[in-house]
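Trainee: Have a look at this one before I ask anything.
In my numbering, the protein residues as written are 35 to 1120.
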């Protein structure tokens, strides 16, 4: 759309001139047009075709008004243009093309304003007419020059980035120019042909190719070598175009990389070669193929010299690639060769006109009619051949896509399985190369998406051109973009917090986390727990307070409850970054990128999810700094300082980056906040402060030198003090949490890339130095490496956000060169993808609840139990008394009666109980010393049993002897059953003793007792019936009384426990003697 210009005032006239950098190239030589075309090159390098009249008007634009321009054009071209005609051609045709600068002539000025007074091309145009004063019009500034978007050429290289700038490419072309001298290129082309003929004449190419394939299969690293050769020869190919362009007299542009259709490609900008004739343009087109021939000759000589079969594969591939360049159906070298042979710059621009002209009954399209007959036939023939070919390729792709996409997906999955093996093996180099290859495999799919997006964009632009698109004001569009950016930041932050929470719930616990969580749990329950070191006392206090207030230990395991505080700290860190975005100190894109990268990388998320003082200290410090940045009152500043102090005390390592940054600032002699990109500095105050210093000091060192030396010594002292405090405090509270070597390598490499990139930017060196110090502490083999890694992740995120923000804030021309940006971005992206592959491990749930039930049951008794450290808190939460539990490795564990192991039973001890299966099983075994005590008790019991058995045998023999003597005693009358029992030792010694005492002076008549008929016949009889005493029946009261008196007079051992009166007898019953006592029946009862 043409810009609306201010009308001329009463005393002023518009002055027209070419914009700075616009170059008139003259006639397009050897063209296919019936009417000659003329070329003009804009300041941004875009070349445009103009008809003779417009080109003549452009040539006359030298700062004059329309009347004088019309006079010049009429004189040179023989036209009859009026002032209005010139004004229309300039303002409606040339000005929208971006090649005309317009100004209003005041009463005293007749020239265009100075280039420095021209507004920037991006400045909005004010279409309102300025009102002059009564005395006349005031001078008006020049109108901004529009830079319209380039035409969307069909199948053009749209997505690209320059790598080698135009100045360097021009110097390369100047150095290589001699290669285009006729004798030189004749010899080199002949050498290429000779080398190829020699290789073919050598024969056995098929066998060598098979051997080359086998070599690549056996040594996959050769694929990387072939890939490197392909990239180098591709760059040499582009150097050929650049050199040919420079040799013909044109100025080459930059050289870079991009995505052409669906595959990666190198490119060189040789648009300026349109100023050359047909021979010069064809030389430029063929320059790349010519340099390919040189590369093929050199590689062929290496193959002939070494005989390596894989080199033959590379040669064949390069020959195919060179032949592919001659394909005229897409924008390769063959397309431009054909276009320059015909004399038409853009053949694809004639597809639609040629197809319309080929329809019978329709007139020839004007664009086709403007061509010469021979060129017209060539262009139409090219269109009729290329269009069906491209359509056929598209149809074949659509038909094969349903089969190719699943097959490609399966192949990619197989490839990723091999990549996963490299990841699990910790091979970072192989993993990085694999990720790079995956990215190369993904480029065709990315190109397909870009093509689809381009088609959608074309449709959208068509609808907008027809007025069908929705009409949104610029302010509304800006607001929507701002809201969308904030939503993206919030989404990235929420994704990171959710990922950290998910990892915190599933990641295996470390020894440091377990000790911290168990100590807090013991404090909450009021029992003795693991000791807390001096470096973690504040983190322990915060965790205890959080668990007491929230009841976290009642709803989750101790480690999971402790990690909830880490998730909360991560949320605080994300909120601080979002706050910087809301304060317009950081761009949303600068925050989204590092947050998304951290959320995707498994090692980074694992470190943030770990329970410990590091993430808590980082959260407190970040919160304090944000509060200080917004503080306007003394109380707010005090709160910010207090938060920073709490952060430093929680994690003393937080002081290290501050100390290093302060040391760098002191050593440099500048204010620390002057290095921050968003912190404004009063330049007048700084200049005034330095201006008061004297310039010289006679016969002494300059005051600046003295001050700088003092500052450097202060920086060294500050660093030594901080390092000493950290070295004294941190190890006292850490049991060590070293990272997995592969994960640590990925994190360190990503952080190192960010730090090195930031060190290259002057304003970023202070935060980069602090982050680098944490990086060094993270790789050193010491107790605080784990905490330093966590702080390094946080610092790297902030540094990346600041770095990206510093890049996107400056205009595009002032940004670092794409090659420098690529050197930092490409390795970082590859390593981030590698970090994505290192996913956090999944903790296997342990059946600790079943173990707790068993420990509370009767089978476990009341002895102490030695348990692994991660189980102590879980069992305490499950209700097991803490005094029964001993942490493995402690002094109490050495005397525990039970030992609990996870997974495979230990080599020492016999498994008693198992809970669960597999590696998560809990196996309970008796402790070695407990088993030793049991063996000693068994041995003692066996000895006592043997002694008791010997005593029982002796007692049995004694009973037989006593019973036999009683059975033969004439004063004892008894039935045969009783006499047999006496002789067999079946009567207890107490009974025998009492009978022996009674028969010493009396006659007794006996009968079997009631217990003789019982089921336990093996037990000696303890009762007996006495029916007569001295011939008198025991049914008489007098006899019973006499017998009772005799019994009570016996020794206590032989006195019956019970004397029962029956009608015809007296029943005597004795109580059993204790088993532990060895009977002494061998003694005479008297």
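Just so you know, even glycine gets a beta-carbon here, dropped at the ideal spot from N, CA and C.
For residue 1065, which residues of its own chain have a beta-carbon under 7 angstroms away from its beta-carbon, when the five flanking residues on both sides are left out?
Mentor: Locating residue 1065 in the chain shown gives position 1031, counting from the first residue. Hits under 7 angstroms: 1037.
Trainee: Would residue 532 be called buried (16 or more neighbouring beta carbons within 10 Å of its own) or exposed?
Mentor: Position 498 of the chain shown holds residue 532. Classification of residue 532: exposed, given that the 10 Å Cβ count is below 16.
Trainee: Can you confirm whether residue 1027, when its beta carbon is compared against all beta carbons of chain D, has any partner nearer than 8 angstroms?
Mentor: No chain D appears in the structure shown, which is made up of a single protein chain.
Trainee: Using alpha carbons as the reference points, say which of 319, 636, 260 lies closest to residue 779.
Mentor: Reading the chain shown from its first residue, position 745 is the one you call residue 779. The residue with the shortest Cα to Cα distance from residue 779 is 636.
Trainee: What residue range does the beta strand (DSSP E) around residue 370 cover?
Mentor: Start at 1 with the first residue of the chain shown, and residue 370 comes out as number 336. Unbroken run through residue 370 is the alpha helix (DSSP H), 367–376; no beta strand (DSSP E).
Trainee: Between which residues of its own chain and residue 118 is the CB-CB distance below 8 angstroms, once the five residues before and five after are set aside?
Mentor: Here residue 118 refers to the residue found at position 84 when the chain shown is read from its first residue. Once the five neighbours on either side are set aside, the close Cβ partners of residue 118 are 100.
Trainee: Got a sec, what are the start and stop residues for the alpha helix (DSSP H) residue 637 sits in?
Mentor: Translated into positions along the chain shown, residue 637 becomes position 603. Start and end: 636–643.
Trainee: Apart from the five residues on each side of it in sequence, which residues of its chain come closer than 6 angstroms, Cβ to Cβ, to residue 304?
Mentor: Within the chain shown, numbered from 1, the residue matching residue 304 stands at position 270. If we look at residue 304 and ignore the five residues flanking it on each side, its Cβ neighbours are 275, 279, 286, 318.
Trainee: Are the CB atoms of residue 684 and residue 651 nearer to each other than 8 angstroms?
Mentor: The sequence position of residue 684 within the chain shown is 650, counting from 1. The sequence position of residue 651 within the chain shown is 617, counting from 1. Cβ atoms of residue 684 and residue 651: closer than 8 angstroms.
Trainee: On the DSSP bridge assignment, give the partners of residue 82 in chain order.
Mentor: As a working note, residue 82 is residue 48 in the chain shown. Its beta-bridge partners are 74.
Trainee: What is the DSSP secondary structure of residue 562, reduced to helix, strand or coil?
Mentor: Against the chain shown, residue 562 aligns to sequence position 528. Note: residue 562 maps to coil in three-state DSSP.
Trainee: Quick one: what's residue 1042 bridged to in DSSP?
Mentor: One-based indexing of the chain shown puts residue 1042 at position 1008. Looking at the DSSP assignment, residue 1042 forms a beta bridge with 1058.
Trainee: Which same chain residues, not among the five before or five after residue 405, have their C-beta less than 6 angstroms away from its C-beta?
Mentor: Counting from one through the chain shown, the residue named residue 405 turns up at place 371. Excluding positions up to five away in sequence, the list reads 66.
Trainee: Go ahead and pull the three-state DSSP assignment for residue 58.
Mentor: Numbered from 1 along the chain shown, position 24 holds the residue referred to as residue 58. DSSP places residue 58 in strand when its eight states are reduced to three.
Trainee: Using C-beta distances below 7 angstroms, list every residue in its chain close to residue 1074, excluding the 5 sequence neighbours before and after it, in chain order.
Mentor: Here residue 1074 refers to the residue found at position 1040 when the chain shown is read from its first residue. Here the set comprises 1068, 1095, 1100.
Trainee: Hey, how far is the Cα of residue 996 from the Cα of residue 1023?
Mentor: As a first step, residue 996 must be located in the chain shown, where it is residue number 962. As a first step, residue 1023 must be located in the chain shown, where it is residue number 989. Each residue's alpha carbon lies about 8 angstroms from the other.
Trainee: Skipping 5 residues on each side, what residues in its chain have a beta carbon closer than 8 angstroms to that of residue 212?
Mentor: Here residue 212 corresponds to residue number 178 of the chain shown, with the count starting at 1. These residues qualify, in order along the chain: 218.
Trainee: Would you tell me roughly how many angstroms separate the C-alpha atoms of residue 282 and residue 437, rounded to the nearest one?
Mentor: Along the chain shown, read from residue 1 onward, the residue named residue 282 stands at position 248. Along the chain shown, read from residue 1 onward, the residue named residue 437 stands at position 403. One C-alpha to the other measures close to 49 angstroms.
Trainee: Please state the DSSP three-state secondary structure of residue 1123.
Mentor: The chain is shown from 35 up to 1120; residue 1123 falls before or after that span and cannot be answered.
Trainee: Among all the DSSP beta bridges, which residues are the ones paired with residue 96?
Mentor: Residue 96 sits at position 62 when you count from the first residue of the chain shown. Its beta-bridge partners are 51.
Trainee: By the DSSP assignment, the beta strand (DSSP E) with residue 1100 in it spans what residues?
Mentor: In the chain shown, residue 1100 corresponds to position 1066, counting from 1. Its beta strand (DSSP E) spans residues 1100–1103.
Trainee: May I ask you to list the residues that DSSP assigns as paired with residue 949?
Mentor: Position 915 of the chain shown, counting from 1, holds the residue named residue 949. Answer is 956.
Trainee: Residue 400: which of 69, 332, 284, 87 sits nearest, CA to CA?
Mentor: Within the chain shown, residue 400 is the residue found at index 366, counting from 1. Selected option, being the one with the closest Cα: 69.
Trainee: Alpha carbon to alpha carbon, how far is residue 858 from residue 591?
Mentor: The residue you call residue 858 lines up with position 824 of the chain shown. The residue you call residue 591 lines up with position 557 of the chain shown. Distance between the alpha carbons of residue 858 and residue 591 is about 42 angstroms.
Trainee: Answer with buried or exposed for residue 1091, where buried requires no fewer than 16 other C-beta atoms within 10 angstroms of its C-beta.
Mentor: To locate residue 1091, count along the chain shown from 1; it is residue 1057. Result: exposed.
Trainee: Could you tell me whether the Cβ atoms of residue 969 and residue 998 are closer together than 8 angstroms?
Mentor: Sequence index remark: in the chain shown, residue 969 carries index 935 (1-based). Sequence index remark: in the chain shown, residue 998 carries index 964 (1-based). Not in contact: residue 969 and residue 998 (Cβ atoms no closer than 8 angstroms).
Trainee: Please list, in chain order, all residues of the same chain as residue 306 whose beta carbon is under 6 angstroms from its beta carbon, the five residues on each side excluded.
Mentor: Residue numbering aside, residue 306 sits at position 272 when the chain shown is read from its first letter. Cβ neighbours of residue 306 beyond the five flanking positions: 284, 285.
Trainee: With a cut-off of 8 angstroms on the beta carbons, I'd call residue 869 and residue 784 a contact; round off their distance for me.
Mentor: To locate residue 869, count along the chain shown from 1; it is residue 835. To locate residue 784, count along the chain shown from 1; it is residue 750. Yes, they are in contact, since the Cβ atoms of residue 869 and residue 784 sit about 7 angstroms apart, within 8 angstroms.
Trainee: Starting from residue 842, trace the alpha helix (DSSP H) in both directions and tell me its first and last residue.
Mentor: The sequence position of residue 842 within the chain shown is 808, counting from 1. Residues 819–843.
Trainee: Is the region 544–563 in contact with the region 625–643, if contact means three or more CB pairs nearer than 8 angstroms?
Mentor: Touching, no, given that fewer than three Cβ pairs across the two stretches are closer than 8 angstroms.
Trainee: Can you tell me whether residue 816 is helix, strand or coil according to DSSP?
Mentor: Counting from one through the chain shown, the residue named residue 816 turns up at place 782. Three-state DSSP puts residue 816 in coil, outside helix and strand.
Trainee: Residue 246 and residue 344: beta carbons closer than 8 angstroms?
Mentor: Indexing the chain shown from 1 puts residue 246 at position 212. Indexing the chain shown from 1 puts residue 344 at position 310. Yes, they are a contact pair.
Trainee: Should the region 73–88 be called in touch with the region 48–65, which here means at least 3 C-beta pairs below 8 angstroms?
Mentor: The region 73–88 vs the region 48–65: in contact.
Trainee: Could you check how far apart the C-beta atoms of residue 808 and residue 691 are, in whole angstroms? I think they sit under 8 angstroms.
Mentor: Within the chain shown, numbered from 1, the residue matching residue 808 stands at position 774. Within the chain shown, numbered from 1, the residue matching residue 691 stands at position 657. Yes, residue 808 and residue 691 are in contact; Cβ-Cβ is about 6 angstroms, under 8 angstroms.
Trainee: Does the beta-carbon distance from residue 253 to residue 64 come in below 8 angstroms?
Mentor: Taking the first residue of the chain shown as position 1, residue 253 is located at position 219. Taking the first residue of the chain shown as position 1, residue 64 is located at position 30. Cβ distance not < 8 angstroms, so residue 253 and residue 64 don't count as in contact.
Trainee: Comparing alpha-carbon positions, which option in 991, 1007, 879 lies nearest residue 951?
Mentor: Residue numbering aside, residue 951 sits at position 917 when the chain shown is read from its first letter. When only C-alpha atoms are compared, the closest one is 879.
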